[in-house]
Amino acid sequence: MFADQADNSEIDILEANLRIRPKPPLHIAVVQGVARFARTKPLAFSGGSVLAIMIIIAFLTRYAGLAPYDPEQIGVATKFGAPGAEVVLGTDQLGRDVLSRLMYGTWVSLKVGLISTFIGISTGTMIGIFSAYIGGLFDLIVQRMVDAMMAFPPIILALGLMAALGASDRNVIIALIAILTPGATRVIRSQALSIKELDYTLAARAIGATAGRVVLKHILPNVMATYIVLITITVGFAIVVEAALSFLGVGVPPDVPTWGGMLQLGRKYIDITSWLALFPGIAIALVVFSVNFLGDGLRDVMDPKLRGR
Amino acid sequence: MQQYAIKRILLFIPTVLLVTMIAFFVMAVLPGDPAIAILEGDGGGQYTQEDLDRLRHELGTDRNKFVQYGDWISGVARGDFGDSLWFNSPVMTELADRIPVTVELAVLSVLMAVVIAVPLGIVSAIKPDSPLDYGSRVFTLIGIAIPNFLAAVLMILFLLKVFDWLPALGYVDLWDNPAKNLSQMFFPAFALALYEMAFIARVTRSSMMEIIREDYMRTARSKGLAERVVLFRHGLKNAILPILTISGWQFGRLFGGTVVIETIFLIPGMGRILIEAVQHRDFPLIQAAIVIIGMAIVSINLLVDLLYGWLDPRIRYA
């Protein structure tokens, strides 16, 4: 019975006050949650906003032709044109529009970064849970493998993989998945190990829950916070590794506009003009800082246990 | 201590084996066939099945993978990594001149990072929320987030714009011309050290802040010791352990960064040759470079672990 439909008798007022506030509908709850996040973690919120804007720009550039010029078009203006009204961020050594190329680069960077992170961390999470749940020899072997993989600096391993696979954006994603998986496996495994020993998991197993049920209903939901935080923290790293590989000329092929490749060109012509190095540099720095701020904020909010990692 | 050392070293052996396996099988098991890659080059050159078979036989890739690995690992144990496909000479002779260059770069970076970061961290911990502490924390935030290749390019840009000067890029041997060598290595080492610096400053700060609140610090002060003695003999001595561990680990991590930094500053080290090898798909050279870097890192980690156990009895009995 709703209080506002009833008479204004005192008992009804009392009842209305005692009534537990109803849960707001989902869309309002989401807005309230985001607003609270913006209030308590302004830095993380602005990082998230920048990232969201970048994702929108990337999609609009790829599918709606937002970029002012074709990124491949040669001779939009004079070579090494300075930023101005015609070409907002200037032109490169072939007279291609830097702004358009940066916008396409956003698409490549975010695509590679997001896909590889999602698959890599998800795979690592699954392996980590199974490694912890099954234990024994399987766990030992998996953990030794993880140790050995993590002995290499990620970029070295990625270079080896790129040599074997050949330069393409799909192969950069594969190489990134390979170097992101071990780290996630280690973090999730240690969490799953402690969850496995908690009372509710033991109780579930005691009443005869199957392994699949225990993993899906008890372990997985409890590592979800860590999983989401891991994804946010890792996206920035993945984007940096992709940029580094493209910068070194072994990542995405040089004819595709990428931030790393553009920065490499900027480095090459740094004696002639500084704009070419500056703009892709700013783009990389912007996305890395945004992701780091967002990741730190989410970590504090969702998973205090990860703090200080 | 003996027991701890033996345990560590026993754990080291399987890791080393796995490191060599990864370095080998990453190249050998993946879909790319080195023979096809070499014949096709970049532009999809023409070749016959006969050429392919002959090259496969020459490379030894027509044999069982595990036989190949056994062959390779027995060579590696003797310091023989086979012949480079691109340079047509033994891999070891190609790498021999390069390894010291990269080691110099890495050592210089770690020194720079420790010399700057430790005092910074200490001051920041002693005077929390002072302007210097804020400055140091902002620097830490930037240093950890900014990728080293971007830092290096921005550094070159800065030198060019502000001083209209760049050190002569390239490399002169340290023993031939120490002054020129150091002027050439200073900026690459600094760009490489930024991340380590930020990280070590952060660790020093938090480790020192923890120590400052300890009872024995108060005791030292109350018995009338000079502040300098309290901070250095009682404080830093205890705070140094985590700093040491982190620096050791970072030393290994640095080898990844050298690849990028050497390319930007045109330093002929291991990283640079690794990039050339990747571009030319020189598989024996890539495998050698990866395995040497991997081994260097696991060895450093072992040394750090042993040192840590030796310095801190709590670790070895844990």
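From first to last, the protein sequence lines are chains A and B.
All letters in the first sequence, in the order written, are residues 12 to 320 by my numbering.
All letters in the second sequence, in the order written, are residues 35 to 352 by my numbering.
Note that the Cβ used here is the ideal one computed from N, Cα and C, for glycine as well.
Note that the coordinates shown come from a computational prediction; the quantities given were computed from them, not determined experimentally.
Which residues mark the beginning and the end of the alpha helix (DSSP H) in which residue i is found?
i, result
"A:P193", "180-207"
"A:Y211", "210-217"
"A:Y9", "With chain A represented from 12 up to 320, any question about residue 9 of chain A goes unanswered, as that position is not in the structure."
"A:P393", "With chain A covering only 12 through 320, there is no way to say anything about residue 393 of chain A."
"A:K122", "109-145"
"A:G171", "165-176"
"B:F100", "99-111"
"B:M329", "317-345"
"A:F290", "286-313"
"B:T4", "The structure shown does not extend to residue 4 of chain B, since chain B spans only 35 to 352, so no value can be given for it."
"B:F173", "165-179"
"B:A311", "304-313"
"A:F258", "231-258"
Note down, in chain order, each residue of its chain lying with its Cβ closer than 8 Å to the Cβ of residue i, except the 5 sequence neighbours on either side.
i, result
"B:P181", "none"
"B:Q218", "P201, A202, L203, G204, Y205, V206, F299, I301"
"B:V338", "L278, T279, G282, W283"
"A:G319", "Any reading at A:G319 must be qualified, since the residue scores a pLDDT of 45, below 50, and its modelled position is unreliable; no value is offered."
"A:M273", "D103, V109, R112, L113, G116, L287, F290, P291"
"B:K41", "none"
"B:T297", "G305, R306, I309"
"B:I43", "L336"
"B:V237", "G155, P276, I277, I280"
"A:I242", "T128, F129, I132"
Between residue i and residue j, which are expected to be in contact by the criterion C-beta below 8 Å, what is the C-beta distance as a whole number of angstroms?
i, j, result
"B:V135", "B:G303", "4 Å"
"B:A223", "B:L142", "4 Å"
"B:G155", "B:R255", "No, B:G155 and B:R255 are not in contact; Cβ-Cβ is about 21 Å, not under 8 Å."
"B:V152", "B:I234", "7 Å"
"B:L353", "A:A288", "Past the boundaries of the shown model lies residue 353 of chain B; chain B is included only from 35 to 352, so the question cannot be answered."
"A:G135", "A:T221", "Not a contact, Cβ separation roughly 24 Å."
"B:A323", "B:I334", "With a Cβ gap of about 17 Å, B:A323 and B:I334 do not count as contacting."
"A:L62", "A:L305", "6 Å"
"A:L170", "A:G131", "Going by Cβ atoms, the distance from A:L170 to A:G131 rounds to 17 Å, so no, they are not a contact pair."
"B:H186", "B:I295", "Note that residue 186 of chain B is Ala in the sequence shown, not His. With a Cβ gap of about 6 Å, B:A186 and B:I295 count as contacting."
"A:P164", "B:G290", "2 Å"
"B:T7", "B:L139", "In this structure chain B extends from 35 to 352, so residue 7 of chain B is not present and cannot be described."
"A:A183", "A:G271", "Residue identity differs from the one stated: residue 183 of chain A is Val in this sequence, not Ala. That pair is no contact at about 10 Å."
Ignore the nearest five residues each way along the sequence and tell me which others in residue i's own chain have a CB closer than 6 Å to its CB.
i, result
"A:N303", "G247"
"A:Y238", "T136"
"A:G321", "Because chain A in this structure spans residues 12 to 320, residue 321 of chain A falls outside the shown range and cannot be described."
"B:V149", "none"
"A:S142", "D150, V153, R200"
"B:E128", "S118, F121"
"A:P268", "P82, R112, Y115, G116"
"B:I327", "F289"
"A:L5", "Residue 5 of chain A lies beyond the stretch modelled for chain A, which goes from 12 to 320, so this question has no answer here."
"A:L168", "I190"
Sorted by chain position, which residues of the same chain lie with C-beta nearer than 7 Å to residue i's C-beta, five sequence neighbours on each side aside?
i, result
"B:I47", "none"
"B:V50", "M329, V332"
"A:G260", "Q275"
"B:A311", "W120, L319, I320, A323"
"A:G59", "L305"
"B:K1", "Since the displayed chain B opens at 35 and closes at 352, residue 1 of chain B lies outside it and no answer follows."
"B:N9", "One cannot answer for residue 9 of chain B here, as it falls past the ends of chain B, which runs 35 to 352."
"A:R278", "A288"
"B:W199", "L193"
"B:G177", "L228, Y229, M231, A232"
"B:A213", "none"
"A:R216", "V225"
- prompt: Okay, do the region 168-180 of chain A and the region 108-116 of chain A touch, 3+ Cβ pairs below 8 Å being the bar?
  reply: no
field: Sequence ranges, beta strand (DSSP E) only - wholly within the region 186-270 of chain B, length at least 3
entry: none
The region 190-204 of chain A touching the region 238-258 of chain A, judged by at least three CB pairs closer than 8 Å: yes
query: Taking one C-beta from the region 311-320 of chain B and one from the region 114-130 of chain B each time, how about it: are there three or more such pairs within less than 8 Å?
result: yes
field: Stretch pair the region 160-169 of chain A + the region 46-56 of chain B: three plus CB contacts closer than 8 Å
entry: Segments in contact, yes.
- prompt: How about the region 205-220 of chain A and the region 228-244 of chain A: do they share at least three Cβ pairs that are nearer than 8 Å?
  reply: yes
message: Give me the subset of the region 175-200 of chain B whose CB atoms are less than 7 Å from a CB atom of chain C, sorted by chain position.
response: The displayed structure is made up of protein chains A and B, and chain C is not among them.
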